[in-house]
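Peer 1:
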Amino acid sequence: MKKKLMVIAVALMCMLPITQVHAKDTEKKTFTVGMECNYAPFNWSQVDPSDSAVQLQDGGYCDGYDVAIAQKIADKLNRELIIKKMSWDGLEPALQGNIIDAVIAGMTDTAERRERVAFTKPYYKSDMVMIVRKDSPLSKAHTLKDFTGKTVMGQLNTLYDTVIDQVPEVKHAKALEDYPAMVMQLNKGLVDAITAELPVAAGIVSTNKELTYTEFEKGKGFNVDLTDTSVSIAVNKDNEKLKNDIQKVLNGISEKERKKMMDAAITRIPSGNLELSDNLLVSAGQILQKYGPLFINGIKSTLILAFSGTLLGLLIGLQVGAIKAIKVDKRDPLLLKIGKRILSFILSVYIEVFRGTPMMVQGAFIFYLVRDWVAWSPFTAGIVVITINTGAYMAEIVRSGIQSVDIGQTEAARSLGMTNLQTMRHIIIPQAIRNSFPSICNEFVVNIKDSSVLNVIAVTELFYQAKSVAGSLYAFVPTYFVVALIYLCLTFPTTRILGLIEKRMNKTSGYKEGQ
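In case it helps, mature numbering (1 follows the signal peptide of the UniProt record, and there is no 0) puts the sequence shown at residues -23 to -1, 1 to 492.
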């Protein structure tokens, strides 16, 4: 059994897309830009190619104003443009870890961010507006006082959240990470308004006909500096040359040309070409039909992550669980007793740390820590993180399985002259795996769902593809209804198939015991 598992594990490791450290010497110079690809009209994901879109390495294309700016910079610098799709929270760490060269994602230059990264001068200047429902009296509001006592929401970790306190007697709603979720809150009447910059508001109302946005009269809106409503390009603080090169390119793009590029991006937003039905099932079908390839790519990544992580984690769990099950014998030499206790302590720390901390934190920590020495891909790092995390859980599962085996079988094996290693390998471990099979299978199902947290290190699995679609269409409910059905279609048949395998194993075991 263990030999077969090892062969499969080695085969999986050979297929991992590990980045070669010395490959950079022969590759053409690239300009790697990080963005969410779900923040229309600045950036969004789409299935079909176009003259303005850039193909993503994990499938699909990214388009928008940010992509157009990035392409101009790459062309002027004579570099090949590469877009890396990642979560908002992962952009700065990726920049600091030299995974990307720049962040072009509608990011505002703030004093807090300037402590971590360097910024160019703004590449787009906008106005701050409020998005409200059309049937609300606030649709005719033009001053901050008109929003007195209202519930207002902004985007997490942005200026659009911090300025809300300028509204008199405001009920400051808890900030959310992305606009699709915020739009849903507004549509459901949970908030009265959400803050946004004008281009984003235009993109949102283009696909949400029941919403509109209000612009403030001069001097009666939010008290912010011009730089606060502008967006800049972020680069690593140690890369002053790249920052200057990018700034030279930006200096050559006039304000008139930038406005023209933004207007063109707004007209290309996918939501403008897809009229979603009011019926949930119909709209879900429309989304699945248009963005099917993105979901399929996400499914592939999710299944590979879950399967390989569970299998490799089981191999770790077998070793750790077997060692943890070994007891300190009074007859052991002193050094052996000390060695067993030290090893048991180390393994206990490993188990407690990886069972007691979120996988998202583990992913970010391991990926960026190891990348200082090894230029590995986010997908490879994702498999390693799931493997180590699963190994900690599998160790306890295997240990419990070993303890469930009748002690008499160990004694019988010893009476036949078998060593402890032979007993564990041929007698105990096979039965422990069979006894623990339901729990082992459950780990696979859990990993299918938990792999979604790895988007923090730019692993574009199923859930992150869904976020990209939701950000392109600003259609939260039907998009996540689709992804919920997909997860159900992945986990339900899996649990049923594994249940049948378990029954077959039990029948086979019962037959042998009856002979």
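Backbone N, C-alpha and C fix where the C-beta goes; we use that ideal spot for every residue, glycine too. No experiment lies behind these values; they were computed from the predicted model shown.
1) Just to confirm my understanding: we take residue 314, look at its own chain, exclude 5 residues before and 5 after, and list those with CB closer than 6 Å. What are they?
2) What does the alpha-carbon distance come out to for the pair residue 258 and residue 238?
3) Measure the Cβ-Cβ separation of residue 158 and residue 453 and say whether it is below 8 Å.
4) Whole angstroms is fine: what's the gap from residue 495's alpha carbon to residue 282's?
5) Between the C-alpha atoms of residue 162 and residue 128, what's the straight-line distance to the nearest angstrom?
6) Whose C-beta lies closer than 7 Å to the C-beta of residue 203 among residues of the same chain, with five residues either side of it excluded?
7) Which residues in the same chain as residue 455 place their Cβ atom closer than 7 Å to its Cβ, once the five residues preceding and following it in sequence are excluded?
8) At which residues does the alpha helix (DSSP H) containing residue 139 begin and terminate?
9) So, residue 375 versus residue 294, is the Cβ gap smaller than 8 Å?
10) If you draw a straight line from the C-alpha of residue 425 to the C-alpha of residue 59, how long is it?
11) Taking 8 Å as the threshold (C-beta atoms), are residue 15 and residue 428 in contact?
12) Based on the DSSP secondary-structure assignment, which residues constitute the bridge partners of residue 31?
13) For the region 35 to 83, which segments carrying the beta strand (DSSP E) assignment without a break, of at least 3 residues, lie completely within its bounds, in sequence order?
14) Shortest alpha-carbon distance to residue 123 belongs to which of 191, 340 and 77?
15) Are residue 30 and residue 43 closer than 8 Å when you measure CB to CB?
16) Using 10 angstroms around the beta-carbon of residue 362, count the other beta-carbons present and answer buried if the total reaches 16, otherwise exposed.
17) Assuming residue 450 and residue 247 are in contact, meaning their beta carbons sit under 8 Å apart, how far apart are those beta carbons, in whole angstroms?
18) Nearest CA to the CA of residue 45: which residue from 277, 337 and 227?
19) Tell me the residue span of the beta strand (DSSP E) that contains residue 190.
20) Pick out whichever of 54, 322, 339 and 273 has its Cα sitting closest to the Cα of residue 493.
21) By how many angstroms is the C-alpha of residue 277 removed from the C-alpha of residue 289?
22) Which residue's Cα is closest to the Cα of residue 100: 273, 208, 22 and 236?
23) Find the nearest neighbour of residue 307 within the set 335, 118 and 317, judged by alpha-carbon distance.
24) Strictly by DSSP, which residues pair up with residue 150?
25) Could you tell me which residues DSSP puts in a beta bridge with residue 8?
26) Considering residue 108, what are the terminal residues of the beta strand (DSSP E) in which it resides?
27) Alpha carbon to alpha carbon, how far is residue 366 from residue 544? Give it in angstroms, no decimals.
28) Relative to the alpha-carbon of residue 378, which residue among 354, 404, 436 and 358 has its alpha-carbon at the smallest distance?
29) I need the DSSP call for residue 331, collapsed to helix, strand or coil.
30) Going by other Cβ atoms of all chains shown within 10 Å of its Cβ, with 16 needed for buried, is residue 438 buried or exposed?
31) What whole-angstrom Cβ distance do residue 177 and residue 81 have, given they're in contact under 8 Å?
32) Tell me which residue opens and which closes the beta strand (DSSP E) that residue 412 is part of.
33) Around the Cβ of residue 384, are there at least 16 other Cβ atoms within 10 angstroms (buried) or fewer (exposed)?
34) Would you mind sorting residue 52 into buried or exposed? The rule is 16 or more other CB atoms within 10 Å of its CB.
35) Flag residue 368 as yes when its Cβ comes closer than 7 Å to any non-hydrogen atom of the ligand MN, and as no otherwise.
36) Compare the Cα-Cα distances from residue 105 to each of 119, 398 and 413 and report the closest residue.
Peer 2: On the basis of the coordinates in this document:
1) Start at 1 with the first residue of the sequence shown, and residue 314 comes out as number 337. Same-chain partners within the cutoff: 305.
2) Within the sequence shown, numbered from 1, the residue matching residue 258 stands at position 281. Within the sequence shown, numbered from 1, the residue matching residue 238 stands at position 261. C-alpha separation (whole angstroms): 36 Å.
3) Locating residue 158 in the sequence shown gives position 181, counting from the first residue. Locating residue 453 in the sequence shown gives position 476, counting from the first residue. Contact flag set, yes.
4) In the structure as shown, the chain begins at -23 and stops at 492. Residue 495 is therefore absent and cannot be evaluated.
5) By 1-based counting over the sequence shown, the position of residue 162 is 185. By 1-based counting over the sequence shown, the position of residue 128 is 151. Roughly 11 Å separates the two Cα atoms.
6) The sequence position of residue 203 within the sequence shown is 226, counting from 1. Answer for residue 203: 102, listed in chain order.
7) Counting from 1 along the sequence shown, the entry for residue 455 is found at position 478. Correct list, in chain order: 253, 257, 260, 261 and 264.
8) Position 162 of the sequence shown, counted from the start, is the residue given in the question as residue 139. It spans 136 to 139 - the alpha helix (DSSP H) in which residue 139 sits, taken as one unbroken run.
9) As a working note, residue 375 is residue 398 in the sequence shown. As a working note, residue 294 is residue 317 in the sequence shown. Taking 8 Å as the Cβ cut-off, residue 375 and residue 294 qualify as a contacting pair.
10) Within the sequence shown, numbered from 1, the residue matching residue 425 stands at position 448. Within the sequence shown, numbered from 1, the residue matching residue 59 stands at position 82. Their backbone Cα atoms lie some 28 Å apart in a straight line.
11) Locating residue 428 in the sequence shown gives position 451, where the first residue counts as 1. Locating residue 15 in the sequence shown gives position 38, where the first residue counts as 1. Not closer than 8 Å, so no.
12) As a first step, residue 31 is located in the sequence shown; it is residue number 54 there, counting from the start. DSSP lists 39 as partners of residue 31.
13) 38 to 40 and 57 to 62
14) Indexing the sequence shown from 1 puts residue 123 at position 146. The candidate whose alpha carbon is nearest that of residue 123 is 191.
15) Here residue 30 refers to the residue found at position 53 of the sequence shown. Here residue 43 refers to the residue found at position 66 of the sequence shown. Going by C-beta atoms, residue 30 is not nearer than 8 Å to residue 43.
16) In the sequence shown, residue 362 corresponds to position 385, counting from 1. Buried is the call here.
17) Residue mapping note: residue 450 aligns to position 473 of the sequence shown, counting from 1. Residue mapping note: residue 247 aligns to position 270 of the sequence shown, counting from 1. Yes, they are in contact, since the Cβ atoms of residue 450 and residue 247 sit about 6 Å apart, within 8 Å.
18) The sequence position of residue 45 within the sequence shown is 68, counting from 1. When only C-alpha atoms are compared, the closest one is 227.
19) Your numbering for residue 190 matches position 213 in the sequence shown. Note, residue 190: beta strand (DSSP E), 188 to 191.
20) As displayed, the chain neither begins before -23 nor continues past 492, which places residue 493 out of reach and without an answer.
21) By 1-based counting over the sequence shown, the position of residue 289 is 312. By 1-based counting over the sequence shown, the position of residue 277 is 300. One C-alpha to the other measures close to 18 Å.
22) The count along the sequence shown starts at 1 and reaches residue 100 at position 123. Of the listed residues, the one whose Cα sits closest to residue 100 is 208.
23) Translated into positions along the sequence shown, residue 307 becomes position 330. The shortest Cα separation from residue 307 among 335, 118 and 317 belongs to 317.
24) Walking along the sequence shown from the start, residue 150 turns up at place 173. Beta-bridge pairing links residue 150 to no other residue.
25) Position 31 of the sequence shown, counted from the first residue, corresponds to residue 8. Its beta-bridge partners are 58.
26) Position 131 of the sequence shown, counted from the start, is the residue given in the question as residue 108. Run containing residue 108: 105 to 110, per the beta strand (DSSP E) assignment.
27) The chain is shown only over -23 to 492; residue 544 falls outside these bounds and no answer can be derived.
28) The residue you call residue 378 lines up with position 401 of the sequence shown. Closest option to residue 378, Cα to Cα, is 404.
29) Numbered from 1 along the sequence shown, position 354 holds the residue referred to as residue 331. Note: residue 331 maps to helix in three-state DSSP.
30) Start at 1 with the first residue of the sequence shown, and residue 438 comes out as number 461. Buried, by the Cβ-count rule.
31) Walking along the sequence shown from the start, residue 177 turns up at place 200. Walking along the sequence shown from the start, residue 81 turns up at place 104. For a cut-off of 8 Å, the C-beta gap from residue 177 to residue 81 is around 15 Å, too long to register as a contact.
32) What you label residue 412 is simply residue 435 of the sequence shown in a count that begins at 1. From DSSP, residue 412 is part of no beta strand (DSSP E) but of the alpha helix (DSSP H) over 406 to 412.
33) By 1-based counting over the sequence shown, the position of residue 384 is 407. Flag for residue 384 reads exposed.
34) For this step, residue 52 is matched to residue 75 along the sequence shown. Here residue 52 is exposed, its C-beta having fewer than 16 other C-beta atoms within 10 Å.
35) For the ligand MN, the structure offers nothing, since it holds no ligand at all.
36) Here residue 105 is taken as the residue at index 128 of the sequence shown, counted from 1. Among 119, 398 and 413, the Cα nearest to that of residue 105 belongs to 119.
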